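Participant: Quick note, the sequences are listed as chains Z and A, same order. Numbering-wise (this note's numbering), the first sequence opens with residue 2 and increments by one. Numbering-wise (this note's numbering), the second sequence opens with residue 1124 and increments by one.
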Amino acid sequence: MATSVTAGPNNSPDPHAPVTSGGGASRRRSHRTPSGLGWILPGFVVSVGLIYFCIGYSGYISLLPWNWRPLRPATIEGFDSYVRAFNSPLFWTCLQHTLVFFIVAYVVQCVMGIIFSAMLHSKVFGATIFKVIIFLPVVIAPAIMSPVHRRVFAVDGPINWILQHLGMINVDAVGNRVWTEWISWALTHIGMENVTPNWIQPSTALWVIIAVQIWSSIGMAFILFYAAMGQIDPEVLEAARIDGAGNIRMLFSVVVPNLKPTLVALAILNAITALKLFDFPYLVTAGGPAHSSEFLGTYIYAELFGVSSHYGYAATLSVLLLILALGLSIIMSVAAREGRPGHKTKGVRV
Amino acid sequence: MFETRSRLARVGLAALLAVMVIPFVIPLFTMVQGSLQGRGWANYQSVIELEGFWLYFRNSAIISLATIAIVYFLTMAASFGFSKLRIRSKEVYFWLMMGALTMPEVVLLTPLVIMASKAGMGGTFWAVIIPLVALQIPFTVLLARSYVDGIPDALFEAAYLDGAGTWRQFWYVLVPLAKPMAVAIVVLVLINSWNSYLLPLVLLGQSEGNMVVTQLPNSFRTQYTDDQTKILAGAVLAALPEIIAYISLQRYFERGIAAGAIK
């Protein structure tokens, strides 16, 4: 994207250098430019070779005959498996979860990321400490944090402890957590009476996963917005200030319009994360209870290593996931190229 | 950016921020507090005394270092080729590589397991390192190529006129000039490989002494049947190297992550 915050090639002394593809360069120098095939080949073979082979292999397995119940004669053959996936409610549930996850995580990340970076750009005391705290969750492995998050959302965990001390939860005689009267009254009136302070249950498990993922990725959004805000021309801010814009007005009229490339980058990034999601749902809720937090990743894993190893079906789901991922990577590469410095679209910005 | 004119406003802003970061601190606090419950520091002791405790860290270190080294050299070479050298229909190669950009690991599991065992690599580090490298390279090449595109051709031409061959142009012009990007790549690959869970889980197997650091907390789940305090002590110990690395190399981590996301 256009915000090449990180030591970007922007610093290049020659802004007119052919940056779009390098094609111009090779044409100019072609009479003595040596062949580069040998240079790209090792990386190409390792990544493209391995990954495309795996894709082909999955495609092949997905078309092999197999049976839904193990040790029975194979009856599902060829594209039947795909028909089965499209007719399976669980497949659509997974997609729905992915979509909900993407939208909620993206919106919260952007809002919180912008707020945090705006605040930390305001000469606040202890800015470095806040930055470290916000960014630390990005660095720690999801697999390591998963048991901690299970603990956080446990019935006797810190979330419920806080709610209890806010007067939202009572502990009954046998140690169950129940909403206090006004909360349950409020929940019934917004149609959420099946939400209880027992978080890892069908009605809330998906939201636990979303919350946990947001926790571990706001730092990323924050860093991107922070960098993008740092690149806004101070004169523009000064001019707005002189024109009498207040802090809020500045944020919405001057700062946010400048963050568009970052918003796009984050959208793509979140879409990939949503499709790839595995560690948190697998380790925090195991996709359950009753598939309430199932995602394509955990679904495929369960089909592969579950009780009845449906390799064929897992491969079918993999191919479908792959098609989604491929579509995304095309969008991503196009976006990345358009965002390259020197590209025409960049000049539009004021 | 935003004006905080008075001292009071700055203190107020800091106070507001302090309240807003509470949700970030809750899991970290829970982790430490939970790990000290029951027998206190003895929880840590029993985690450390676990047979093969250091092997978790050693295995992760080997995998991460090997992945970083391989990705670095392959990426630098490929970005040099893509950006500065002559390749017939190079964009086709590039797009093929970018097709693999968003590949979810789980899609590759079945073929990888079968291939690794056929190649006799099942349970070895290579069975994890090679797929990790394969999954990183499209990303890092996209990153490095656009960076190398920004290095003026004139520098390479000057080196050529001074008698430097392709290899020396790569080694004495590109590698030093691409250092800022290399730092980002190293950090990015370090985080991705150190934090990887699924690939080591499936391809290394879950045998004793063959596990990586991300499996450390969860290994207590089976062994001591959900001994919360030890799980959390394990989580603290497993997270510690990353926390230390991040705090001491803060700037590079933030830069690396941002570069990885933005390209």
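Just so you know, even glycine gets a beta-carbon here, dropped at the ideal spot from N, CA and C. Bear in mind the structure is a predicted one, so any value in this text is a computation, not a measurement.
Do we get a CB-CB distance below 8 Å when we pair P1261 of chain A with the residues of chain Z?
Facilitator: Taking the first residue of the second sequence as position 1, residue 1261 of chain A is located at position 138. Interface residue, yes.
Participant: At a CB distance below 9 Å, what residues from the region 1303–1319 of chain A approach chain Z? Give them in sequence order.
Facilitator: Cβ contacts with chain Z come from P1303, M1304, V1306, A1307, I1314, W1317, N1318, S1319.
Participant: Per DSSP, which residues does P1209 of chain A bridge with? Please list them.
Facilitator: For the purposes of this step, residue 1209 of chain A is taken as the residue at position 86 of the second sequence. A small fix is needed here, since residue 1209 of chain A is Arg in this sequence, not Pro. Paired residue(s): Z:S36.
Participant: Can you give me, in chain order, the residues of the region 1243–1255 of chain A that have a beta carbon less than 9 Å from any beta carbon in chain Z?
Facilitator: Listed by position along the chain: I1253, P1254.
Participant: To the nearest angstrom, how far is it from the Cα of G192 of chain Z to the Cα of A206 of chain Z?
Facilitator: Along the first sequence, read from residue 1 onward, the residue named residue 192 of chain Z stands at position 191. Along the first sequence, read from residue 1 onward, the residue named residue 206 of chain Z stands at position 205. Straight-line Cα distance between these residues: approximately 17 Å.
Participant: When Cβ atoms are compared, which residues of the region 179–197 of chain Z fall closer than 8 Å to chain A?
Facilitator: Cβ contacts with chain A: none found.
Participant: Can you tell me which of Z:F117, Z:W200, Z:D234, Z:A315 puts its alpha carbon nearest to the alpha carbon of F136 of chain Z?
Facilitator: Counting from 1 along the first sequence, the entry for residue 136 of chain Z is found at position 135. If we check each option's Cα against that of F136 of chain Z, Z:F117 comes out closest.
Participant: Smallest Cα separation from Y1270 of chain A: which of A:E1174, A:V1306, A:G1243, A:I1253?
Facilitator: By one-based count along the second sequence, residue 1270 of chain A stands at place 147. Measuring from the Cα of Y1270 of chain A, the nearest candidate turns out to be A:V1306.
Participant: Evaluate D1272 of chain A with the Cβ neighbour count: other Cβ atoms within 10 Å of its Cβ, from every protein chain shown; 16 or more gives buried, anything less gives exposed.
Facilitator: Sequence index remark: in the second sequence, residue 1272 of chain A carries index 149 (1-based). It counts as buried.
Participant: Which residues in chain Z sit within 8 Å of T1352 of chain A, going by Cβ to Cβ distance?
Facilitator: Here residue 1352 of chain A corresponds to residue number 229 of the second sequence, with the count starting at 1. Near T1352 of chain A there are no residues of chain Z at all, since even the closest Cβ is about 10 Å away, more than 8 Å.
Participant: Tell me whether the beta-carbon of G1379 of chain A lies closer than 8 Å to the beta-carbon of L1311 of chain A.
Facilitator: As a working note, residue 1379 of chain A is residue 256 in the second sequence. As a working note, residue 1311 of chain A is residue 188 in the second sequence. Against a cut-off of 8 Å, the Cβ pair of L1311 of chain A and G1379 of chain A comes out as a contact.
Participant: Tell me T256 of chain Z's beta-bridge partners as DSSP assigns them.
Facilitator: Here residue 256 of chain Z refers to the residue found at position 255 of the first sequence. Thr is not the amino acid found at residue 256 of chain Z; the sequence shown has Val there. DSSP lists no partner for V256 of chain Z.
Participant: DSSP three-state call for W200 of chain Z: helix, strand or coil?
Facilitator: Taking the first residue of the first sequence as position 1, residue 200 of chain Z is located at position 199. Note: W200 of chain Z maps to coil in three-state DSSP.
Participant: Give me the Cα-Cα distance between V1142 of chain A and I219 of chain Z, rounded to the nearest whole angstrom.
Facilitator: Along the second sequence, one-based indexing puts residue 1142 of chain A at 19. Along the first sequence, one-based indexing puts residue 219 of chain Z at 218. Approximately 16 Å between the Cα atoms of the pair.
Participant: Take the Cβ of N1166 of chain A as the centre, count every other Cβ of all protein chains shown within 10 Å, and call the residue buried at 16 or more, exposed below.
Facilitator: On the second sequence, residue 1166 of chain A is found 43 positions in, with the first residue counted as 1. Classification of N1166 of chain A: buried, given that the 10 Å Cβ count is 16 or more.
Participant: In chain A, which residues lie less than 9 Å from W93 of chain Z when you measure between Cβ atoms?
Facilitator: Indexing the first sequence from 1 puts residue 93 of chain Z at position 92. Chain A residues near W93 of chain Z: none, gap ~18 Å exceeds 9 Å.
Participant: Select from the region 1149–1174 of chain A all residues with a C-beta closer than 8 Å to any C-beta belonging to chain Z, and list them in chain order.
Facilitator: Taking 8 Å as the Cβ-Cβ cut-off against chain Z, the residues of the region 1149–1174 of chain A that qualify are I1149, P1150, L1151, F1152, T1153, M1154, G1157.
Participant: Contact criterion: CB-CB distance below 8 Å. Does K347 of chain Z meet it with respect to chain A?
Facilitator: The residue given as residue 347 of chain Z occupies position 346 in the first sequence. Caution applies to K347 of chain Z, whose pLDDT of 34 falls short of 50 and renders its modelled position unreliable; the value that the coordinates give is listed next. No, no contact with chain A.
Participant: Less than 8 Å between CB atoms is the rule here; does P282 of chain Z satisfy it with respect to chain A?
Facilitator: In the first sequence, counting from the first residue as 1, residue 282 of chain Z sits at position 281. P282 of chain Z does not count as touching chain A.
Participant: Determine the closest residue to A272 of chain Z out of A:M1226, A:V1251, A:I1367, with distance taken between C-alpha atoms.
Facilitator: By one-based count along the first sequence, residue 272 of chain Z stands at place 271. Ranking A:M1226, A:V1251, A:I1367 by Cα distance to A272 of chain Z puts A:M1226 first.
Participant: Per DSSP, what are the beta-bridge partners of V139 of chain Z in this structure?
Facilitator: Mapped onto the first sequence, residue 139 of chain Z falls at position 138. Answer is none; V139 of chain Z lacks a bridge partner.
Participant: Excluding five sequence neighbours on each side, which residues of the same chain lie with their C-beta closer than 7 Å to the C-beta of R152 of chain Z?
Facilitator: Translated into positions along the first sequence, residue 152 of chain Z becomes position 151. Only G158 meet the Cβ criterion.
Participant: The alpha helix (DSSP H) with W1290 of chain A in it runs from where to where?
Facilitator: The residue labelled residue 1290 of chain A in the question sits at position 167 within the second sequence. Element bounds for W1290 of chain A: 1289–1292.
Participant: Anything in chain Z within Cβ reach of P1146 of chain A, meaning under 8 Å, just list it in chain order.
Facilitator: As a working mapping, residue 1146 of chain A is identified with position 23 in the second sequence. Simply W216.
Participant: In its own chain, which residues sit with a C-beta less than 6 Å from the C-beta of Q1259 of chain A, not counting the 5 before and 5 after it?
Facilitator: On the second sequence, residue 1259 of chain A is found 136 positions in, with the first residue counted as 1. If we look at Q1259 of chain A and ignore the five residues flanking it on each side, its Cβ neighbours are V1194, V1312.
Participant: According to the Cβ coordinates, are Q170 of chain Z and T181 of chain Z closer than 8 Å?
Facilitator: For this step, residue 170 of chain Z is matched to residue 169 along the first sequence. For this step, residue 181 of chain Z is matched to residue 180 along the first sequence. It should be pointed out that residue 170 of chain Z corresponds to Ile in this sequence rather than to Gln. Yes, the Cβ-Cβ distance between I170 of chain Z and T181 of chain Z is below 8 Å.
Participant: Rounded to a whole number of angstroms, what is the C-alpha to C-alpha distance between P235 of chain Z and R1133 of chain A?
Facilitator: Along the first sequence, read from residue 1 onward, the residue named residue 235 of chain Z stands at position 234. Along the second sequence, read from residue 1 onward, the residue named residue 1133 of chain A stands at position 10. C-alpha separation (whole angstroms): 20 Å.
Participant: By the criterion of Cβ-Cβ separation under 8 Å, what are the contact partners of R85 of chain Z in chain A?
Facilitator: Within the first sequence, the letter at position 84 stands for residue 85 of chain Z. The contacting residues do not exist; R85 of chain Z stays about 17 Å from chain A at best.
Participant: Indicate whether the contact test is met: 3 or more Cβ pairs, each with one atom in the region 1203–1210 of chain A and one in the region 287–297 of chain Z, closer than 8 Å.
Facilitator: With the cut-off at 8 Å, the region 1203–1210 of chain A and the region 287–297 of chain Z do not touch.
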